[in-house]
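Visitor: When you read off a place in the sequence shown, starting at 1, and then add 31, the result is the number in our numbering.
Okay, here's the structure, questions in a sec.
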Amino acid sequence: MDVKKDGGKITEPAFPNEAVLSNDNRRFFTLKGEHKRSWTAENQNEHIGLCLKIDGGLIVSTGQNKCDAGLLLDDNRTFLVEFKGKDYEHAVEQLKATKKYFEDNYSDYDLKFFARIVGKSFPKTSTTRQTAIRVLEKSFGKNYKIFENQGKETI
32 MDVKKDGGKI TEPAFPNEAV LSNDNRRFFT LKGEHKRSWT AENQNEHIGL CLKIDGGLIV
92 STGQNKCDAG LLLDDNRTFL VEFKGKDYEH AVEQLKATKK YFEDNYSDYD LKFFARIVGK
152 SFPKTSTTRQ TAIRVLEKSF GKNYKIFENQ GKETI
């Protein structure tokens, strides 16, 4: 089923209040992470978007892998964002675990997942990065991007 909206907000799926950072159709959705890293999505088509604090908001368990934040749009696109230093392999595991969490807990919705890693400058030819990319492609197909320090894109 599709995400439900009413009055300019996404109403279903429902998330805990402590997980919701914003729920509206602003021009720019910005998620912030550690070390002054951020990911900004320009909302040219005026989608309603629900920004989520996943780590410590939606998923509070300390023993579970999870990404930092997410953005759910009214067209079912779900961007999962992990802010990282250098450990791209761990970032991929966190994104995969968060995708599985959504699939297990929100299976009634036809969510389409996109993975985003915003990390420290990292050589594009490193073996670690290439391995991370192969694993990302297995879980997310071509729906992933890796940004250095600041991520910006149009959605």
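We put the beta carbon where it would ideally sit given N, CA and C, even for glycine.
Assuming E49 contacts G88 (C-beta within less than 8 Å), just tell me the rounded distance between them.
Guide: Against the sequence shown, residue 49 aligns to sequence position 18. Against the sequence shown, residue 88 aligns to sequence position 57. Going by Cβ atoms, the distance from E49 to G88 rounds to 5 Å, so yes, they are a contact pair.
Visitor: My assumption, with CB atoms under 8 Å, is that V123 sits in contact with R68. Please give the rounded CB distance.
Guide: As a first step, residue 123 is located in the sequence shown; it is residue number 92 there, counting from the start. As a first step, residue 68 is located in the sequence shown; it is residue number 37 there, counting from the start. Actually they are not in contact, since the Cβ atoms of V123 and R68 sit about 17 Å apart, beyond 8 Å.
Visitor: Taking C-beta to C-beta, are F171 and F133 nearer than 8 Å?
Guide: What you label residue 171 is simply residue 140 of the sequence shown in a count that begins at 1. What you label residue 133 is simply residue 102 of the sequence shown in a count that begins at 1. In this structure, F133 does not lie closer than 8 Å to F171 by Cβ.
Visitor: Report the residue from E120, E43, G38 whose alpha carbon sits nearest the alpha carbon of D258.
Guide: Nothing in the structure corresponds to residue 258, since the chain is present only between 32 and 186.
Visitor: Ends of the alpha helix (DSSP H) at E124?
Guide: Within the sequence shown, numbered from 1, the residue matching residue 124 stands at position 93. From DSSP, the alpha helix (DSSP H) with E124 extends over 119-136.
Visitor: Check each candidate in G101, R108, D105, D106 and name the one with the smallest Cα separation from F114.
Guide: Within the sequence shown, numbered from 1, the residue matching residue 114 stands at position 83. Considering only alpha carbons, the answer is G101.
Visitor: Would you verify that the beta carbon of D55 is, or is not, closer than 8 Å to some beta carbon of chain B?
Guide: In the displayed structure, chain B is absent; only one protein chain is listed.
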